Amino acid sequence: MSYQRLLNAPATALQTWRRSVPVLLFAAMLAACSATPDAERSDLRDPLENTNRNIFAFNMGVDSYVLEPVAKGYKSTVPDGGRRAIDNHLEWASMPSTALNSTLQGEFENAALATIHFAINGLTLGFADLTETPGAVDKRSFDQTLARANVPDGHYLMVPVLGPHSSRNLLGRVVDTVTNPLSMIHAGNVGSAVRTAQIPAGAVAFRANNFAAINDVKYNSIDPYARTRSLYFQSRAGKPGSDQDKNKTPSPADDQFDAFFDETIQ
Amino acid sequence: MMVQNTTEFSTGQITAGPLTAAQHKLSVFAGLGAKFRTLMAAVIMLGFTSTASTAGTSQIDAANNLVTQMMVEVESILAQDINNEAKRTEKVSALFDRYFDLPTIAKFSAGPYWRAADAAEKATYEAVIRDVIIGTVVRNFDQLSGLRFTISGSQAKGKKLVLVNGTFASLDAQQPPIAVGWRVVISDKASPLILDVEIENISMLVTQKQENIAIIRQNQGQFAALIDAMKQRIQP
Chain F
152 MSYQRLLNAP
162 ATALQTWRRS
172 VPVLLFAAML
182 AACSATPDAE
192 RSDLRDPLEN
202 TNRNIFAFNM
212 GVDSYVLEPV
222 AKGYKSTVPD
232 GGRRAIDNHL
242 EWASMPSTAL
252 NSTLQGEFEN
262 AALATIHFAI
272 NGLTLGFADL
282 TETPGAVDKR
292 SFDQTLARAN
302 VPDGHYLMVP
312 VLGPHSSRNL
322 LGRVVDTVTN
332 PLSMIHAGNV
342 GSAVRTAQIP
352 AGAVAFRANN
362 FAAINDVKYN
372 SIDPYARTRS
382 LYFQSRAGKP
392 GSDQDKNKTP
402 SPADDQFDAF
412 FDETIQ
Chain G
4 MMVQNTTEFS
14 TGQITAGPLT
24 AAQHKLSVFA
34 GLGAKFRTLM
44 AAVIMLGFTS
54 TASTAGTSQI
64 DAANNLVTQM
74 MVEVESILAQ
84 DINNEAKRTE
94 KVSALFDRYF
104 DLPTIAKFSA
114 GPYWRAADAA
124 EKATYEAVIR
134 DVIIGTVVRN
144 FDQLSGLRFT
154 ISGSQAKGKK
164 LVLVNGTFAS
174 LDAQQPPIAV
184 GWRVVISDKA
194 SPLILDVEIE
204 NISMLVTQKQ
214 ENIAIIRQNQ
224 GQFAALIDAM
234 KQRIQP
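See below:
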């Protein structure tokens, strides 16, 4: 037995190494990041701006050569019903994470709703919404769980292929992927293929659903990187666990307008 | 500072006048019972309260009317089904000039760099940001087709702004409604005008401001660099 294990050892090590390559590459890349001096930053929340801008340029290249044409084809060839079915499936696949994180956040009603929706729509693998209350479940992530535990947002990161994240947002995303009960169910090759297809399908569906808006940022902004960053930060404000949500304060936009008019009056 | 002082002064005068009259009225009923006097005082005070809230409500109503009226014009332009971009730009420009507060938009979107800019730069920037915004609206105008805007509620945001909230819902109910808020600048001296539009809690003007500041900071604080970048963008 130990002899057999010894024989298999190189193969196992190779597999582990292969799995680790992307993680190691990303870690090496982050290690190579040097903080952008305050004076050179266009936004103080973005200490890695120079590196982030390079990654953004790479992501725009990926978008131009892969994502945008695929999303365009997806929009023009797949009928509305088919696209809605894929959106439903992706939403359904996130329900276990929502149930788990709702429980951690003490939102037991939402957790129960997510579980019920997952169970009922599981009959069609989530492609059809069989419930009477579509959209009743509030999506919850580990990022929000961390936010509710007062874990700070961290640095703004432009992640290769995945796009804008904060450090906490990225960590939450990794944890959500690893702890999703769906990833632990062994359903043979078909199940594995479906799970593998969910990531690119999600990217294409997102790009197709926001096709005009993303293209407007990409082709018509004066600084697409700065605009993307602004949209990212604003879209996070007000989400569960954010300062705005916890303190029940007006949106950051309100703060900016208040400050502007106070200054103008003075 | 001067504006604030003037406002406080005039408010004080208005309040002082009716209160004196009210006290005079109360003295007329001095010979009547205490309960009756209390009741009369309550009625008079209620009158003041409702007058004050009506003033707030009228400004909110004015903001609601402005947005409603603008949406009627938007629907009218959409109904004309204009395919010619120059003609559509002309229509949208007229709409923008009538309903939007360009000087405040320019000032807000330039951030702290507005103060450092000279008069010529300010004037050029105002003209350029107008063209940038109109260009954005013209490009995305068709997306409003098949949608209906409904006001869901409005609220005063400080002394100068009213946020008119509503939703754009698709007429065929195939898409989920989109939450939209219009920030309307209110003033005692001028008609209300729109300052900002917020889509799903994302302020378009704040986005523009942060993008502008990023460009200026990347160019060692030169306001002229922003104007140049904008001019390049709007070139056909």
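Line order of the protein sequences matches chains F and G. For the first sequence, the positions run 152 to 417 when this note's numbering is used. For the second sequence, the positions run 4 to 239 when this note's numbering is used. In this text, a Cβ means the ideal position worked out from N, Cα and C, and glycines have one as well. Here the structure is a predicted model, which means the values were calculated and not measured.
Check the Cβ of MET1(G) against every Cβ in chain F and list those closer than 9 Å, keeping chain order.
Outside the displayed range of chain G (4 to 239) lies residue 1(G), so it cannot be described from this structure.
In three-state terms, what does DSSP make of PHE103(G)?
Position 100 of the second sequence, counting from 1, holds the residue named residue 103(G). Collapsing the DSSP output to three states places PHE103(G) in a strand.
Using the Cα positions of ILE218(G) and SER193(F), report the straight-line distance between them to the nearest angstrom.
One-based indexing of the second sequence puts residue 218(G) at position 215. One-based indexing of the first sequence puts residue 193(F) at position 42. Cα to Cα, the separation comes out at about 7 Å.
Less than 8 Å between the beta carbons of VAL95(G) and ILE137(G), yes or no?
Residue numbering aside, residue 95(G) sits at position 92 when the second sequence is read from its first letter. Residue numbering aside, residue 137(G) sits at position 134 when the second sequence is read from its first letter. Against a cut-off of 8 Å, the Cβ pair of ILE137(G) and VAL95(G) comes out as a contact.
Is DSSP giving VAL135(G) helix, strand or coil here?
Position 132 of the second sequence holds residue 135(G). Looking at VAL135(G) - three-state DSSP - the assignment turns out to be helix.
Please compile the residues from chain F whose C-beta is within a distance smaller than 7 Å of the C-beta of ALA217(G).
For this step, residue 217(G) is matched to residue 214 along the second sequence. Per Cβ cutoff of 7 Å: SER193, ASP194, ASP374 and ALA377.
Nearest to ASN366(F) by alpha carbon, out of ILE108(G), THR139(G) and ASP191(G)?
The sequence position of residue 366(F) within the first sequence is 215, counting from 1. Measuring from the Cα of ASN366(F), the nearest candidate turns out to be THR139(G).
Return yes when the Cβ of ILE202(G) is within less than 8 Å of the Cβ of TYR102(G), no when it is not.
The count along the second sequence starts at 1 and reaches residue 102(G) at position 99. The count along the second sequence starts at 1 and reaches residue 202(G) at position 199. Cβ atoms of TYR102(G) and ILE202(G): not closer than 8 Å.
I'd like to know whether the C-beta atoms of MET246(F) and VAL288(F) end up nearer to each other than 8 Å.
Counted from its first residue, the first sequence places residue 246(F) at position 95. Counted from its first residue, the first sequence places residue 288(F) at position 137. Contact: yes.
Is SER155(G) helix, strand or coil by DSSP?
Here residue 155(G) refers to the residue found at position 152 of the second sequence. Of the three classes helix, strand and coil, the one that applies to SER155(G) here is strand, per DSSP.
Against chain G, with Cβ distances strictly below 8 Å, would GLN407(F) count as a contact?
Taking the first residue of the first sequence as position 1, residue 407(F) is located at position 256. True, the Cβ-Cβ gap to chain G drops below 8 Å.
Nearest chain F C-beta to ILE205(G) closer than 8 Å, yes or no?
Numbered from its first residue, the second sequence carries residue 205(G) at position 202. It does: the Cβ of ILE205(G) has a partner Cβ on chain F nearer than 8 Å.
With the cut-off set at 8 Å, would you say ASN239(F) and PHE278(F) are in Cβ contact?
Counted from its first residue, the first sequence places residue 239(F) at position 88. Counted from its first residue, the first sequence places residue 278(F) at position 127. Going by C-beta atoms, ASN239(F) is nearer than 8 Å to PHE278(F).
Can you list the residues of chain G that GLN385(F) reaches, using a CB-CB cut of under 8 Å?
By one-based count along the first sequence, residue 385(F) stands at place 234. Those within 8 Å of GLN385(F) in chain G are ASN204, ILE205, SER206, VAL209 and THR210.
Using the C-alpha atoms, what's the distance from VAL187(G) back to ILE132(G)?
By 1-based counting over the second sequence, the position of residue 132(G) is 129. By 1-based counting over the second sequence, the position of residue 187(G) is 184. One C-alpha to the other measures close to 19 Å.
Where THR379(F) and GLN225(G) are concerned, what is the direct C-alpha to C-alpha distance, given to the nearest angstrom?
Here residue 379(F) corresponds to residue number 228 of the first sequence, with the count starting at 1. Here residue 225(G) corresponds to residue number 222 of the second sequence, with the count starting at 1. Using only the alpha carbons, I get a separation of about 22 Å.
Alpha carbon to alpha carbon, how far is PHE357(F) from THR170(G)?
Taking the first sequence and counting its residues from 1, the one referred to as residue 357(F) is at position 206. Taking the second sequence and counting its residues from 1, the one referred to as residue 170(G) is at position 167. Their backbone Cα atoms lie some 22 Å apart in a straight line.
In the DSSP assignment, find the alpha helix (DSSP H) that holds THR254(F) and state where it starts and stops.
Taking the first residue of the first sequence as position 1, residue 254(F) is located at position 103. 246 to 255 is the span of the alpha helix (DSSP H), which, as asked, contains THR254(F).
What residues are listed by DSSP as bridge partners for SER206(G)?
Against the second sequence, residue 206(G) aligns to sequence position 203. According to DSSP, which records beta bridges pairwise, SER206(G) is partnered with GLU201(G).
Cutting at 7 Å between CB atoms, please list the residues of its own chain near GLN166(F), excluding the five before and the five after it.
Locating residue 166(F) in the first sequence gives position 15, counting from the first residue. The predicted model places GLN166(F) with a pLDDT of 46, which falls under 50 and marks its position as unreliable; any figure quoted below should be read in that light. Excluding sequence neighbours, GLN166(F) sits near nothing in its chain.
Taking TYR383(F) as the reference, give the member of TYR370(F), ASN320(F), GLN349(F) and THR330(F) with the closest Cα.
In the first sequence, residue 383(F) corresponds to position 232, counting from 1. Comparing Cα positions, the closest option is ASN320(F).
Any idea what DSSP makes of ALA109(G), helix, strand or coil?
The count along the second sequence starts at 1 and reaches residue 109(G) at position 106. Collapsing the DSSP output to three states places ALA109(G) in a helix.
Taking Cβ to Cβ, would you say GLN295(F) is nearer than 8 Å to ASN252(F)?
Along the first sequence, one-based indexing puts residue 295(F) at 144. Along the first sequence, one-based indexing puts residue 252(F) at 101. Against a cut-off of 8 Å, the Cβ pair of ASN252(F) and GLN295(F) comes out as a contact.
ARG196(F) by DSSP, collapsed to three states: which one?
Locating residue 196(F) in the first sequence gives position 45, where the first residue counts as 1. DSSP places ARG196(F) in coil when its eight states are reduced to three.
Which residues in chain G have a C-beta closer than 8 Å to the C-beta of LEU382(F)? List them in chain order.
Counting from 1 along the first sequence, the entry for residue 382(F) is found at position 231. Here the neighbours are ILE205 and THR210.
Alpha carbon to alpha carbon, how far is ILE286(G) from GLN385(F)?
Here chain G has residues from 4 to 239 only, and residue 286(G) is not among them.
Would you mind listing the beta strand (DSSP E) stretches within the stretch 265 to 333 of chain F that are 3+ residues and don't spill past its ends, in chain order?
307 to 310 and 314 to 317
Determine the chain F residues that contact PHE226(G) at a beta-carbon separation under 7 Å, and present them in chain order.
Taking the first residue of the second sequence as position 1, residue 226(G) is located at position 223. Within chain F, no residue comes near PHE226(G); the closest Cβ sits about 14 Å away, beyond 7 Å.
With burial defined as no fewer than 16 other Cβ atoms inside 10 Å of the residue's Cβ, what is the status of ARG370(F): buried or exposed?
Position 219 of the first sequence, counted from the start, is the residue given in the question as residue 370(F). According to the sequence as given, residue 370(F) is Tyr; it is not Arg. That one is exposed.
GLY389(F) CB to nearest chain G CB: under 8 Å?
Taking the first residue of the first sequence as 1, we reach residue 389(F) at position 238. It does: the Cβ of GLY389(F) has a partner Cβ on chain G nearer than 8 Å.
How far does the beta strand (DSSP E) with ASN240(G) in it reach, from first residue to last?
This structure does not reach residue 240(G), given that chain G is present from 4 up to 239, and the question cannot be answered.
Among the candidates ALA122(G), PRO179(G), PHE144(G) and GLY184(G), whose CA atom is the shortest distance from the CA of GLU78(G)?
Indexing the second sequence from 1 puts residue 78(G) at position 75. The residue with the shortest Cα to Cα distance from GLU78(G) is PHE144(G).
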